[in-house]
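As structure tokens, the structure follows; a few thoughts come after it.
Residue numbers (our numbering): 1 to 320.
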């Protein structure tokens, strides 16, 4: 199978590309490098430096069988400040890709959706039947893309799968190479905690220590990036013509902020300097995904725990 991976120079996209190549697929990566890195694209993948709105030109000259669509703007805070940018890149860009696929007879697509589509949810774990009420432009644009995929599946026979995941962590470190997080503006807890442990001087902001959780800190769901990439490969096989399937990817349990920090200290052998601060408005006490549908439809279960995520991320951080 020849797979077009949009955003394949990014964190998750590069690991998914490595997984596709290892499974014997041909891969073309489409990325404008606005947030990705050219050296993150595996050498045996074909690379096209262009935006997702230019996908038609790529498909015109490449016999592609399926698409995995990662390319998107993905910072919640930034989306609140620049919603136009998010609606253009995440929605207009996705529609351009879908129309290009339709024009060239490519109907199989796995889409990188997000738990941000759900918004504020009270009951945990979150399953796919929960009504979507996104609280940010980022979440709204991901939901808009999901809705478009449902219409394209119903009307044009697309075989579409939207994978909604929560927090991604870890890195790929094996014979295929080494790929991990290198965000220009880092907002994720594990790389920030590793940075604080490595520097020993920068204090990590810990927002909220009085939540109704066992240790008072918020609980979030984390999935290893390699497990996540494996799910995308399984989703390619699970896609069915005329159907749009929405599937959560998560641990089903979650980890508290203090558990994450404790694991970082155990793995690195260094203390994580922390500055405790008040809760941030709108931050829920617990966000955890149900992965029952992922198990039923994809036969997917996360196989790497928090320690593996931190260990692999730490190895990548030290080698990068």
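Where a beta carbon is used, it is the ideal one built from N, C-alpha and C, also for glycine.
8 Å Cβ cutoff met for residue i and residue j
i: residue 20; j: residue 50; result: no
i: residue 259; j: residue 306; result: yes
i: residue 223; j: residue 165; result: yes
i: residue 169; j: residue 309; result: yes
i: residue 74; j: residue 156; result: no
i: residue 135; j: residue 282; result: yes
i: residue 146; j: residue 292; result: no
Own chain, CB closer than 8 Å to residue i, minus 5 neighbours either side, in chain order
i: residue 62; result: 2, 4, 28, 46
i: residue 280; result: 207, 208
i: residue 99; result: 56
i: residue 243; result: 153, 159, 160
i: residue 65; result: 1, 2, 3, 106, 108
Whole-angstrom distance between residue j and residue i, CA atom to CA atom
i: residue 218; j: residue 210; result: 9 Å
i: residue 275; j: residue 284; result: 20 Å
i: residue 254; j: residue 286; result: 8 Å
i: residue 340; j: residue 257; result: Shown here, the chain extends from 1 to 320; a query on residue 340 therefore has no answer.
i: residue 18; j: residue 116; result: 26 Å
i: residue 54; j: residue 97; result: 8 Å
i: residue 270; j: residue 190; result: 14 Å
Cβ neighbour criterion (16 or more within 10 Å) applied to residue i
i: residue 181; result: buried
i: residue 312; result: buried
i: residue 57; result: exposed
i: residue 159; result: buried
i: residue 140; result: buried
i: residue 199; result: exposed
i: residue 15; result: buried
i: residue 267; result: buried
i: residue 80; result: exposed
Same chain, Cβ closer than 6 Å to residue i, neighbours up to 5 away in sequence not counted
i: residue 245; result: 161
i: residue 72; result: 90
i: residue 124; result: 286, 288
Proximal residues to residue i (C-beta, below 7 Å), its chain only, five neighbours per side dropped
i: residue 227; result: 302, 303, 304
Bridge-paired residues (DSSP) for residue i
i: residue 51; result: The partner list for residue 51 (beta bridge, DSSP) is empty, contrary to what the question assumes.
i: residue 179; result: 172
i: residue 266; result: According to DSSP, which records beta bridges pairwise, residue 266 is partnered with nothing at all.
i: residue 28; result: 4, 46
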